[in-house]
Every structure is written in structure tokens, then in C-alpha cells.
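The block underneath contains the structure these notes are about, expressed in C-alpha cells.
Numbering (UniProt numbering), first residue to last: 1 to 143.
Rendered as C-alpha cells:
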């Protein structure tokens with residue numbers, strides 16, 4: 001294989017993984033939006049709510065960790081790596097969402113209340129760390 005062919009193949013793999021990663025991040029954002037009262041993008045953009053912003057960014061960071069671990073674990077097998085990245089990313093999104101809803105019920109941290117608060121709340125920090133921790137756990141499980 002020539003250098004040009006190797007570079008083209010590598011660039012194609014990067015583009016494919018990036019596309020799967022971006023799609024998973026969009027799906028993750030909309031799942032968090034679904035689980036959060038109000039339109040999340042509007043709450044962030046218009047109301048500039050720090051709690052909603054922290055929850056969304058931590059969820060996206062967690063998805064990014066899962067995507068990165070899935071790519072790492074693929075061992076250069078593109079088709080299997082892309083499929084694994086998609087599946088593991090979706091599992092991570094589901095687990096994050098379930099954890100957020102469980103915290104709402106079990107711990108009593110209401111996401112509904114958090115996204116209505118104007119000041120950054122400790123509960124938002126706790127949920128954000130939970131998102132990242134679930135992302136790390138899922139990422140390490142993939143590896």
C-alpha cells in the first residue's frame with residue numbers, strides 16, 4: 001500500500017469515527033433534552049441557565065469518553081469499531097439518562113427544579129459528576 005493510499009484510508013476512518021461521534025453527541029443531547037423539562041437548547045441559549053448547561057456539557061463529555069474508548073478498543077478494525085462505537089455510545093446515553101431519572105426519584109435531586117434555578121446548584125454539580133463517572137465506567141468497560 002502506498003503512502004497516499006494509507007493516508008486516504010486513515011482519513012476515511014477518522015471521518016467515519018468523527019461522524020459516528022457527532023451523531024452520538026447529537027442523540028445524547030436530544031435524549032437529555034427529552035429528560036429535561038423545557039427545550040434544552042433554548043434554556044441554555046436564551047435563559048443562559050448554568051445548571052442546564054452543566055448537565056448537557058457533562059453528558060456530552062461522557063459520550064466523548066465512550067466514543068474515544070470504543071475507537072481505542074477497535075484495534076484498527078474499522079467496521080467492528082464503528083459498530084461498537086455506535087452500540088456502546090447508545091448504551092452510555094441510556095445509562096446516563098436512567099441515572100439522571102433515578103437521582104430525581106431516589107436521591108430527590110429534581111432536574112426539573114435545577115433547570116429553573118438561575119444560580120448554579122450543588123445538585124447540578126452532582127449530576128454532572130455522575131454523567132462523567134458513568135462515561136468513564138462505560139469507557140473502561142469497552143476497553
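Each residue gets a CB set at the ideal place from its N, CA and C atoms; glycine is no exception.
Counting Cβ pairs closer than 8 Å, one from the segment 69 to 82 and one from the segment 42 to 58, do we hit at least three? With contact defined as three or more Cβ pairs closer than 8 Å, the segment 69 to 82 and the segment 42 to 58 are not in contact.
Going by DSSP in three states, residue 122 sits in which element: helix, strand or coil? Of the three classes helix, strand and coil, the one that applies to residue 122 here is helix, per DSSP.
According to DSSP, is residue 21 part of a helix, a strand, or is it coil? The answer is helix: DSSP assigns residue 21 an H, G or I state.
Hey, which unbroken runs of the alpha helix (DSSP H) at 4 residues or more fall wholly within the segment 63 to 100? Uninterrupted alpha helix (DSSP H) stretches at least 4 residues long and entirely within the segment 63 to 100 do not occur.
Which residues in the same chain have their Cβ closer than 6 Å to the Cβ of residue 158, if we skip the five residues on either side of it in sequence? Residue 158 is absent from the model: the chain starts at 1 and stops at 143.
Opening and closing residue of the alpha helix (DSSP H) in which residue 42 lies: If you look at residue 42, you'll find it in the alpha helix (DSSP H) that goes 40 to 45.
Helix, strand or coil: how does DSSP classify residue 2 here? Looking at residue 2 - three-state DSSP - the assignment turns out to be coil, as it is neither helix nor strand.
8 Å CB neighbourhood of residue 134 in its chain, flanking five on each side removed: Contacts found: 62, 92, 95, 96, 99.
Note down the Cα distance separating residue 139 from residue 17, rounded to an integer number of angstroms. The alpha-carbon of residue 139 is positioned some 16 Å away from that of residue 17.
Around the Cβ of residue 128, are there at least 16 other Cβ atoms within 10 angstroms (buried) or fewer (exposed)? With a 10 Å radius around the Cβ and a threshold of 16 neighbouring Cβ atoms, residue 128 comes out buried.
Using a Cβ-Cβ cut-off of 6 Å (strictly less than) and excluding sequence neighbours within five positions of residue 50, which residues of its own chain qualify? Apart from the 5 residues on each side of it in sequence, residue 50 sits with its Cβ closer than 6 Å to the Cβ of 120 in its chain, given in chain order.
Using DSSP with H/G/I as helix, E/B as strand and the rest coil, what is residue 51? Here residue 51 carries a helix assignment [DSSP, helix/strand/coil].
Between the C-alpha atoms of residue 110 and residue 103, what's the straight-line distance to the nearest angstrom? Their backbone Cα atoms lie some 8 Å apart in a straight line.
Less than 6 Å between C-beta atoms, sequence neighbours within five positions excluded: which residues of the same chain meet that for residue 36? Cβ neighbours of residue 36 beyond the five flanking positions: 111, 115.
Quick check: the Cα distance between residue 40 and residue 143, rounded to an integer number of angstroms? The straight-line gap from Cα to Cα measures roughly 32 Å.
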